[in-house]
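Chains as they are written, first to last, in our numbering: chain A, 1 to 277; chain B, 278 to 554. We treat Cβ as the ideally placed atom computed from N, Cα and C, and that holds for glycine. Working notes, structure below.
Number of protein chains: 2
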Amino acid sequence: MISRQQLIQQIKQKKTFLCVGLDTDVDKIPEFLKEYPDPAFEFNKRIIDATKDLCIAYKPNAAFYESRGMKGLQSLISTYEYLPKDCLSIIDAKRGDIGNTSDNYAKAFFNEDVTGMGFDAITVTPYMGNDSVTPYLKYDGKWVIILALTSSVGSKDFQYLNTGEGYLYETVIQKANTWAGVDRLMFVVGATKSTEFTNIRQYAPDNFLLVPGVGAQGGSLEEVCKYGITKDCGLIVNASRSIIYASNGEDFAEAARAEALSLQQQMQAELEKAGVI
Amino acid sequence: MISRQQLIQQIKQKKTFLCVGLDTDVDKIPEFLKEYPDPAFEFNKRIIDATKDLCIAYKPNAAFYESRGMKGLQSLISTYEYLPKDCLSIIDAKRGDIGNTSDNYAKAFFNEDVTGMGFDAITVTPYMGNDSVTPYLKYDGKWVIILALTSSVGSKDFQYLNTGEGYLYETVIQKANTWAGVDRLMFVVGATKSTEFTNIRQYAPDNFLLVPGVGAQGGSLEEVCKYGITKDCGLIVNASRSIIYASNGEDFAEAARAEALSLQQQMQAELEKAGVI
Numbered sequence: 001m002i003s004r005q006q007l008i009q010q011i012k013q014k015k016t017f018l019c020v021g022l023d024t025d026v027d028k029i030p031e032f033l034k035e036y037p038d039p040a041f042e043f044n045k046r047i048i049d050a051t052k053d054l055c056i057a058y059k060p061n062a063a064f065y066e067s068r069g070m071k072g073l074q075s076l077i078s079t080y081e082y083l084p085k086d087c088l089s090i091i092d093a094k095r096g097d098i099g100n101t102s103d104n105y106a107k108a109f110f111n112e113d114v115t116g117m118g119f120d121a122i123t124v125t126p127y128m129g130n131d132s133v134t135p136y137l138k139y140d141g142k143w144v145i146i147l148a149l150t151s152s153v154g155s156k157d158f159q160y161l162n163t164g165e166g167y168l169y170e171t172v173i174q175k176a177n178t179w180a181g182v183d184r185l186m187f188v189v190g191a192t193k194s195t196e197f198t199n200i201r202q203y204a205p206d207n208f209l210l211v212p213g214v215g216a217q218g219g220s221l222e223e224v225c226k227y228g229i230t231k232d233c234g235l236i237v238n239a240s241r242s243i244i245y246a247s248n249g250e251d252f253a254e255a256a257r258a259e260a261l262s263l264q265q266q267m268q269a270e271l272e273k274a275g276v277i
Numbered sequence: 278m279i280s281r282q283q284l285i286q287q288i289k290q291k292k293t294f295l296c297v298g299l300d301t302d303v304d305k306i307p308e309f310l311k312e313y314p315d316p317a318f319e320f321n322k323r324i325i326d327a328t329k330d331l332c333i334a335y336k337p338n339a340a341f342y343e344s345r346g347m348k349g350l351q352s353l354i355s356t357y358e359y360l361p362k363d364c365l366s367i368i369d370a371k372r373g374d375i376g377n378t379s380d381n382y383a384k385a386f387f388n389e390d391v392t393g394m395g396f397d398a399i400t401v402t403p404y405m406g407n408d409s410v411t412p413y414l415k416y417d418g419k420w421v422i423i424l425a426l427t428s429s430v431g432s433k434d435f436q437y438l439n440t441g442e443g444y445l446y447e448t449v450i451q452k453a454n455t456w457a458g459v460d461r462l463m464f465v466v467g468a469t470k471s472t473e474f475t476n477i478r479q480y481a482p483d484n485f486l487l488v489p490g491v492g493a494q495g496g497s498l499e500e501v502c503k504y505g506i507t508k509d510c511g512l513i514v515n516a517s518r519s520i521i522y523a524s525n526g527e528d529f530a531e532a533a534r535a536e537a538l539s540l541q542q543q544m545q546a547e548l549e550k551a552g553v554i
């Protein structure tokens, strides 16, 4: 369990707010790993070993494991077990359902005794309203990370609809912030929307924002920080493909480290510029 | 694979548009089943055997299986394998993510060769726009069932926001109907909102609607049909708890059948009233 205070402390100590996204696709990992009994886990293990001093969070994307059935779930469970306990562990699951169903998704990812997974945080889609969120909050100290503004093309379809009180994503942030405090709730905001951060900080001045889209999706770290950083940092910036697939040779872990190090150094500069450290 | 034409044919032949929701909670199933190696599957098997002539679809709710980790996933796979192939198999997964992630969720539930599951249809949450939907449409003949108006309390939070062109859920239906035809796209509309069906039929005159909320959640079948039925039926009404937990004794399968039969008889009357049969 990682509290807000612990998260901020980690960011200051490690001088980074990087999250490494473990979107591990067995078709993209180096050939030589395929001889191991669980190639995806073997890959993740080496990525984790190579990056754990450079990041403060890991985010396995559930879809990449579910797409391999039982074997994939085993890789996910083994990966969870291997995650360093001082890093925030986020399951990127994007679930969203009515109360008694969400209760079960919460068990799936939070109840380690039963499923072998006890992530610190889960991503959730808000369409079904507070039902989608409150079941996760019953678990003391666990985080819910709600989709607000995503980095995908499809974000234009609904997230920018005007609800009379602003864009839909703004309404989502305002309403969700009445359900829980900044010690339990974060929002997903795509890095490709950096100019929107000023706007978002009006409604979420203190929430941590999980920011995908730096790297492969083309978002700029500098822009994100310019508009989004707070005195406590308030940002967790995720990079997945640009780190984990930096090389597909035997040197993939070193290449991942080099990529993570470059991001960490940029992040350190941003933290210094903003006076966080 | 069940095409629209086959679905309509099944409805006419069996005189029912019932979907049995397999929200199987191992804490709620009869004690005596717990001696079997896979109690949840054993329960589902008997429910399926007892109801398959009375319904045209089955809908396992992924959360109830995921909450039991590896064992739960095995129960889900075994249940999928056991589903009668003339019934529409729906995985109630409520996923929604960007393109390359949705690709993987599609593999998880549609790619039987890899995961052991090849459902006909998946429920999807629309917040991320067309990214959330199009990856599933790449699989020929598979259905996407998009959340529109849900039966939960939280539906008030966002689904009823006015987007300038009507409620958000209306905009979702209108826009989604530009992504695929009525042979590939359905919408989830809660039975507790029966008066809204008139409205929904303006935007989705021919789509099949998956209607949860009859039974345990208090929706009325008569009301749903009054406002929602079409010349092709156009409705798949789901009941989960009211059927599968009709009894928790040794007679649970008979009790489930009695409950399903009562619904089938009401449905037959509605189909006759509407001139579908």
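Inset, instruction - Determine which residues of the region 112 to 136 of chain A have a Cβ less than 7 Å from any Cβ of chain B, and write them out in chain order. - result: 114, 115, 116, 125, 126, 127, 128, 129, 130, 131 and 132
Legend entry - Cβ-based neighbour list, residue 257 of chain A, same chain, cut-off 8 Å, excluding 5 preceding and 5 following: Here residue 257 of chain A refers to the residue found at position 257 when the first sequence is read from its first residue. Taken in chain order, the residues that qualify are 50, 51 and 54.
Inset, instruction - Using a Cβ cut-off of 8 Å (strictly closer), state whether residue 360 of chain B contacts chain D. - result: Absence of chain D from the displayed structure is noted, the protein chains being A and B.
Inset, instruction - Taking the CB atoms as reference points, tell me whether residue 340 of chain B and residue 101 of chain A lie closer together than 8 Å. - result: Position 63 of the second sequence, counting from 1, holds the residue named residue 340 of chain B. Position 101 of the first sequence, counting from 1, holds the residue named residue 101 of chain A. Result yes, Cβ atoms of residue 340 of chain B and residue 101 of chain A sit closer than 8 Å.
Legend entry - Per-residue contacts from residue 74 of chain A into chain B (C-beta, under 9 Å): Translated into positions along the first sequence, residue 74 of chain A becomes position 74. In chain order: 347.
Legend entry - Residues, ordered as in the chain, of the region 162 to 175 of chain A that lie near chain B by beta-carbon distance below 8 Å: 162, 163, 164, 168, 171, 172 and 175
Inset, instruction - Would you mind sorting residue 127 of chain A into buried or exposed? The rule is 16 or more other CB atoms within 10 Å of its CB. - result: Within the first sequence, the letter at position 127 stands for residue 127 of chain A. Looking at its Cβ environment, which holds 16 or more other Cβ atoms inside 10 Å, residue 127 of chain A is buried.
Legend entry - Interface residues of the region 183 to 203 of chain A facing chain B [CB-CB below 8 Å]: none
Legend entry - Backbone secondary structure at residue 182 of chain A - three-state DSSP: Start at 1 with the first residue of the first sequence, and residue 182 of chain A comes out as number 182. Correct three-state label for residue 182 of chain A: coil.
Inset, instruction - Look at residue 412 of chain B and residue 383 of chain B and say whether their C-beta atoms are less than 8 Å apart. - result: In the second sequence, residue 412 of chain B corresponds to position 135, counting from 1. In the second sequence, residue 383 of chain B corresponds to position 106, counting from 1. Yes, the pair counts as a contact, with Cβ atoms nearer than the cut-off.
Inset, instruction - Starting from the C-beta of residue 553 of chain B, find all residues in its chain whose C-beta is less than 6 Å away, skip the five residues before and the five after it, and write them out in chain order. - result: Residue mapping note: residue 553 of chain B aligns to position 276 of the second sequence, counting from 1. 510, listed in sequence order.
Inset, instruction - Flag this pair as touching only if the region 387 to 398 of chain B and the region 77 to 87 of chain A have three or more C-beta atom pairs under 8 Å; answer yes or no. - result: no
Legend entry - Every unbroken beta strand (DSSP E) within the region 11 to 99 of chain A, with a cutoff of 3 residues, ordered by chain: 18 to 22, 57 to 60 and 88 to 95
Legend entry - Spatial neighbours of residue 56 of chain A in its chain, beta-carbon cut-off 8 Å, leaving aside the 5 residues before and after: Here the question's residue 56 of chain A lines up with position 56 in the first sequence. 7, 10, 11, 14, 16, 17, 18, 19, 87, 88 and 236, listed in sequence order.
Inset, instruction - Please confirm if the region 446 to 464 of chain B is in contact with the region 180 to 190 of chain A, defined as three or more CB-CB distances below 8 Å between the two stretches. - result: no
Inset, instruction - Quick one: which residues of the region 88 to 100 of chain A get their C-beta closer than 9 Å to a C-beta of chain B? List them in chain order. - result: 92, 93, 94, 95, 96, 97, 98, 99 and 100
Inset, instruction - Please look up how many angstroms separate the CB atoms of residue 242 of chain A and residue 215 of chain A, rounded, as I've assumed it's under 8 Å. - result: Within the first sequence, numbered from 1, the residue matching residue 242 of chain A stands at position 242. Within the first sequence, numbered from 1, the residue matching residue 215 of chain A stands at position 215. Right, the Cβ-Cβ distance comes to about 3 Å (below 8 Å), so this counts as a contact.
Legend entry - Delimiting residues of the beta strand (DSSP E) encompassing residue 123 of chain A: Here residue 123 of chain A refers to the residue found at position 123 of the first sequence. Looking at the DSSP string, the run of the beta strand (DSSP E) that includes residue 123 of chain A is 121 to 124.
Legend entry - 7 Å CB neighbourhood of residue 43 of chain A in its chain, flanking five on each side removed: Stepping through the first sequence from its first residue, residue 43 of chain A is reached at position 43. Within the same chain, residue 43 of chain A has close Cβ partners 24, 29 and 33.
Legend entry - Interfacial residues, the region 204 to 233 of chain A to chain B, with Cβ spacing under 7 Å: none
Legend entry - Residues, ordered as in the chain, of the region 329 to 341 of chain B that lie near chain A by beta-carbon distance below 9 Å: 338, 339, 340 and 341
Legend entry - Endpoints, the beta strand (DSSP E) within which residue 454 of chain B is located: Looking up residue 454 of chain B in the second sequence gives position 177. It is not in any beta strand (DSSP E) - residue 454 of chain B carries neither H nor E in the DSSP assignment.
Inset, instruction - For the region 294 to 324 of chain B, enumerate the residues whose C-beta is nearer than 7 Å to any C-beta of chain A, in chain order. - result: none
Legend entry - According to DSSP, residues forming a beta bridge with residue 515 of chain B: Looking up residue 515 of chain B in the second sequence gives position 238. Note: residue 515 of chain B sits in a beta bridge opposite B:296.
Legend entry - residue 221 of chain A, enclosing alpha helix (DSSP H) - first and last residue: Position 221 of the first sequence holds residue 221 of chain A. Unbroken alpha helix (DSSP H) run through residue 221 of chain A: 221 to 228.
Inset, instruction - Note down, in chain order, each residue of its chain lying with its Cβ closer than 7 Å to the Cβ of residue 163 of chain A, except the 5 sequence neighbours on either side. - result: Indexing the first sequence from 1 puts residue 163 of chain A at position 163. Here the set comprises 171.
Inset, instruction - Buried or exposed for residue 205 of chain A, please, with buried defined as at least 16 other CB atoms from any protein chain shown within 10 angstroms of its CB. - result: The residue labelled residue 205 of chain A in the question sits at position 205 within the first sequence. Exposed.
Legend entry - Distance between residue 371 of chain B and residue 407 of chain B (C-alpha atoms, nearest Å): Counted from its first residue, the second sequence places residue 407 of chain B at position 130. Counted from its first residue, the second sequence places residue 371 of chain B at position 94. One C-alpha to the other measures close to 15 Å.
Inset, instruction - Measure the beta-carbon distance from residue 211 of chain A to residue 180 of chain A and round it to whole angstroms, keeping in mind my assumption that it falls under 8 Å. - result: Position 211 of the first sequence holds residue 211 of chain A. Position 180 of the first sequence holds residue 180 of chain A. Wrong, their Cβ atoms sit about 20 Å apart, outside the cutoff.
Legend entry - residue 240 of chain A vs residue 96 of chain A beta-carbon contact at 8 Å: Within the first sequence, residue 240 of chain A is the residue found at index 240, counting from 1. Within the first sequence, residue 96 of chain A is the residue found at index 96, counting from 1. Contact: no.
Inset, instruction - Give the C-beta separation of residue 551 of chain B and residue 521 of chain B to the nearest angstrom, bearing in mind that I take them to be a contact with Cβ-Cβ under 8 Å. - result: For the purposes of this step, residue 551 of chain B is identified with residue 274 of the second sequence, where counting begins at 1. For the purposes of this step, residue 521 of chain B is identified with residue 244 of the second sequence, where counting begins at 1. With 8 Å as the limit, residue 551 of chain B and residue 521 of chain B do not qualify as a contact, their Cβ atoms being about 28 Å apart.
Inset, instruction - Report the partner residues of residue 209 of chain A according to the DSSP bridge assignment. - result: By one-based count along the first sequence, residue 209 of chain A stands at place 209. DSSP output for residue 209 of chain A lists A:187 and A:235 as bridge partner(s).
Legend entry - Under 7 Å by beta carbon: chain A residues contacting residue 384 of chain B: Residue numbering aside, residue 384 of chain B sits at position 107 when the second sequence is read from its first letter. Those within 7 Å of residue 384 of chain B in chain A are 67.
Legend entry - Where residue 525 of chain B falls: helix, strand or coil (DSSP): Locating residue 525 of chain B in the second sequence gives position 248, counting from the first residue. Note: residue 525 of chain B maps to coil in three-state DSSP.
Inset, instruction - Check the Cβ-Cβ distances between residue 431 of chain B and every residue of chain A, and say whether any is below 8 Å. - result: Numbered from 1 along the second sequence, position 154 holds the residue referred to as residue 431 of chain B. With 8 Å as the cut-off, residue 431 of chain B counts as an interface residue toward chain A.
Inset, instruction - Could you check if residue 59 of chain A is buried or exposed, using at least 16 other CB atoms within 10 Å of its CB as the buried criterion? - result: Walking along the first sequence from the start, residue 59 of chain A turns up at place 59. Per the 10 Å Cβ criterion, buried.
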